[in-house]
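Using the working numbering, the first residue of the sequence shown is number 1091, and each one after it goes up by one.
Just below is one structure, and these are the notes that go with it.
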Amino acid sequence: MVEATQARKVYLVGGGIASLASAAFLIRDGLIPAHNIYIFEQLSVNGGSLDGSGNAESGYVIRGGRMFNFSYRCTYELLSFVPSLTDPNKTVLDEIHEFNDRVKTHAQARLVEGGKKLDVSHMGFRHKDRLDLIELMVRSEASLGSRRIDACFEPSFFETNFWFMWATMFAFQPWHSAVEFKRYLHRFLHEFYRINTLAGVDRTPYNQYDSIVRPLVSWLQKQGVNFEMECSVIDLDFRQDGQKKVVEHIHFLRAGQEGSVKLGRHDLVFVTAGSMTADSNLGNMHTAPMLITGKRDSSWRLWQNIAKHSPEFGHPGVFDSRIDESKWESFTVTCHDPTFFRRMEEWTGNAPGTGALVTLKDSNWLMSVVLAYQPHFLNQPADVSVFWGYGLFVDKEGNFVKKKMSECTGKEILIELLSHLRFQDDLQRIVDTSICIPCMMPYITSQFLTRSKGDRPPVVPEQASNLAFIGQFTEVPEDVVFTVEYSVRTAQIAVYTLLGMDKQPPSIYEGQHDPRVLATALKMLLT
């Protein structure tokens, strides 16, 4: 068995957090030699959706930002053994804890309407809303099936403070899956009582690429992991071995040339199925981003090819064919003048990094922005500030700029934002000294789409002998997609299962079984 472990090679498709975490646990827990681990990544940079790039001159870009929480047990375990980039005596988890002990989140302008902060100490529920919410939480997933959220509530529910805060915190839409909404209600029940301040949110000191991906990749490289960059895996070959399907070959494309890898008897393959940020496209101050629907990214096409071999390997078409239900647009603004940040701090009462999301409730685009603690990038000059925002309804006309958000340039998006905030007296100064880069993401909430049992494959299908699916489009009962935690948990499950280890990931935090959590949630429900 030891000889098999030492000879075994593991091939990881995709360079996102699921693959990076898999490699880390293969080394630490599986005792797989690092030089026997290969990560194939289509891009020239690892990290997947945990990205962060750019510079002060041309503008910084973060397609999205991930919030963290003490309940992310798998993620925090991973970061507990990854060394800091700057201090070898600290781990990444140490840095996160120290940062959040120092910079406390307590939003004072969570919802805004008509340029004024709203009182969000009350959730705005009617009695029927409360009953519907409780009913959803106690119903089984089987009984909900592929129902939409808006099939479970009356229209008034979607005008409550609760919905506006919950929906923008997690990017839910009324047409998304009621099952996913139910899972979120259970998974974050402990945050109900402070949803209006987001005081339970943990942040990374910098963007997630600099704070998590860079130190993790650095550690894996030092261990000897092989990174095959700008290499797209396009298909897998299978052979039948009794009731099992065994991956025999990995086919890839590099620099226009096809290649393949033949797997040995003990070799394993971990595939990141699908991608929430596939086919993302950037605009600039003068052009709007394009909506790409041709699946230029290989992740969806690869899953489609694999799924042909067995119904147990999932149904990618459920998630990649409803772009109008899964797309939205984010934007990153690089400020070369302190006016915007000064105005926001004076108006909200929050210093950068302490306010979390500011949601413009009356925005036709349902636009939200967040001012991170500065600097947000390791290479960011002291006189430059960066903030991020997004809009959920990209095909609606703006309130001030009479165009769809999807058709707007970075400059127009910035004008719409500043107009909502009633910063017109400083609007021209801010626009002239800022770089706003919009990003269209066709699949960003595709994992929230309505689905049926079996549409997402299990991490290790019963029919698979040497194959695991990892990432956001696998099925992990009771946990919630669109979180770093979900990807890291799939990594642990894949490693421990395929290696036949007598080990399980940390249990999912279940606040709904804690009387204190239930009491605080009930108090919120009654406000």
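Think of the CB as a built atom: it goes at the ideal place given N, C-alpha and C, for glycine as much as any other residue.
Give the DSSP-derived three-state secondary structure of residue i in the structure shown.
i                  : result
glutamate 1147     : coil
leucine 1615       : helix
glutamate 1568     : coil
isoleucine 1186    : helix
phenylalanine 1483 : coil
proline 1295       : coil
methionine 1091    : For methionine 1091, the pLDDT reaches just 46, beneath the cut-off of 50, and the residue's location in the model is therefore unreliable, although a value from the coordinates is still provided. Of the three classes helix, strand and coil, the one that applies to methionine 1091 here is coil, per DSSP.
arginine 1034      : Because the chain spans 1091 through 1617 in this model, residue 1034 falls outside it and cannot be assessed.
leucine 1450       : strand
phenylalanine 1115 : helix
serine 1597        : coil
arginine 1238      : strand
asparagine 1126    : helix
isoleucine 1583    : helix
isoleucine 1285    : coil
phenylalanine 1490 : coil
leucine 1608       : helix
isoleucine 1413    : helix
proline 1548       : strand
lysine 1218        : helix
glutamine 1313     : helix
lysine 1543        : coil
glutamine 1096     : helix
When DSSP builds the beta bridges, which residues end up paired with residue i?
i                  : result
proline 1173       : Thr1181
leucine 1588       : Its beta-bridge partners do not exist; DSSP assigns none.
histidine 1341     : Asp1325 and Ser1350
tyrosine 1166      : Its beta-bridge partners do not exist; DSSP assigns none.
glutamate 1131     : Met1319
lysine 1335        : Gln1330 and Ala1554
lysine 1207        : Val1202
glycine 1137       : Gly1106
cysteine 1526      : Val1423
methionine 1375    : Methionine 1375 is not bridged to any residue.
tryptophan 1478    : Thr1422 and Val1460
phenylalanine 1158 : Asp1292
Less than 8 Å between the C-beta atoms of residue i and residue j, yes or no?
i                  : j                  : result
serine 1524        : tryptophan 1478    : no
glycine 1445       : alanine 1257       : no
histidine 1625     : lysine 1335        : For the chain, the structure presents residues 1091 to 1617; residue 1625 sits outside this window and is missing.
arginine 1467      : asparagine 1190    : Correcting the residue identity first, residue 1467 is phenylalanine in this sequence and not arginine. Cβ distance not < 8 Å, so phenylalanine 1467 and asparagine 1190 don't count as in contact.
glutamate 1338     : arginine 1344      : no
alanine 1111       : isoleucine 1127    : no
phenylalanine 1563 : valine 1361        : no
isoleucine 1129    : glycine 1155       : no
valine 1570        : tyrosine 1576      : yes
phenylalanine 1075 : threonine 1610     : Given that the chain is displayed from residue 1091 to residue 1617, the structure contains no residue 1075 and the question cannot be resolved.
serine 1644        : aspartate 1331     : As shown, the chain starts at 1091 and ends at 1617. That puts residue 1644 outside it, with no answer to give.
phenylalanine 1538 : phenylalanine 1572 : yes
glycine 1138       : threonine 1294     : no
serine 1322        : glutamine 1132     : yes
glycine 1645       : alanine 1108       : Any property of residue 1645 remains undetermined from this structure, which presents the chain solely from 1091 to 1617.
Starting from residue i, follow the alpha helix (DSSP H) in both directions and report where the run begins and ends.
i                  : result
methionine 1255    : 1251 to 1260
isoleucine 1382    : Note, isoleucine 1382: premise wrong, no alpha helix (DSSP H); not H, not E.
threonine 1230     : Contrary to the premise, residue 1230 reads as serine rather than threonine in this sequence. Unbroken run through serine 1230: none, as it is neither H nor E.
phenylalanine 1431 : 1429 to 1438
isoleucine 1560    : From DSSP, isoleucine 1560 is part of no alpha helix (DSSP H) but of the beta strand (DSSP E) over 1557 to 1560.
valine 1269        : 1268 to 1277
glutamate 1203     : No alpha helix (DSSP H) holds glutamate 1203; the beta strand (DSSP E) holding it covers 1201 to 1203.
asparagine 1360    : The residue asked about is misnamed: residue 1360 is phenylalanine in this sequence, not asparagine. Segment 1358 to 1362 is the beta strand (DSSP E) holding phenylalanine 1360; no alpha helix (DSSP H) there.
valine 1474        : Here valine 1474 belongs to no alpha helix (DSSP H), and DSSP marks it neither H nor E.
glutamine 1602     : First-last for glutamine 1602: undefined, no H or E at that position.
asparagine 1395    : 1388 to 1397
proline 1501       : Note that residue 1501 is lysine in the sequence shown here, rather than proline. Segment 1500 to 1510, the alpha helix (DSSP H) holding lysine 1501.
Since I believe residue j is in contact with residue i (beta carbons under 8 Å), could you give me their beta-carbon distance rounded to a whole number of angstroms?
i               : j               : result
valine 1151     : isoleucine 1527 : 5 Å
aspartate 1427  : isoleucine 1505 : Contact doesn't hold; Cβ gap of about 16 Å is too wide.
glutamate 1402  : proline 1547    : 6 Å
asparagine 1251 : histidine 1212  : 7 Å
valine 1193     : threonine 1181  : Contact doesn't hold; Cβ gap of about 19 Å is too wide.
valine 1149     : threonine 1422  : Strictly speaking, residue 1149 in this sequence is glycine, with valine absent from that position. Going by Cβ atoms, the distance from glycine 1149 to threonine 1422 rounds to 7 Å, so yes, they are a contact pair.
threonine 1195  : valine 1307     : With 8 Å as the limit, threonine 1195 and valine 1307 do not qualify as a contact, their Cβ atoms being about 27 Å apart.
serine 1174     : glutamate 1185  : 5 Å
asparagine 1469 : asparagine 1159 : Rounded, the Cβ-Cβ distance is 28 Å, inconsistent with contact.
glycine 1364    : serine 1388     : Their Cβ separation, rounded to whole angstroms, is 11 Å, which puts glycine 1364 and serine 1388 out of contact at 8 Å.
Start and end of the beta strand (DSSP E) containing residue i?
i               : result
tryptophan 1418 : 1418 to 1425
valine 1100     : 1100 to 1103
proline 1532    : First-last for proline 1532: undefined, no H or E at that position.
Answer yes or no: does any C-beta atom of chain C fall closer than 8 Å to that of residue i?
i               : result
asparagine 1190 : As a matter of chain content, chain C is missing from the structure shown, which is built from one protein chain.
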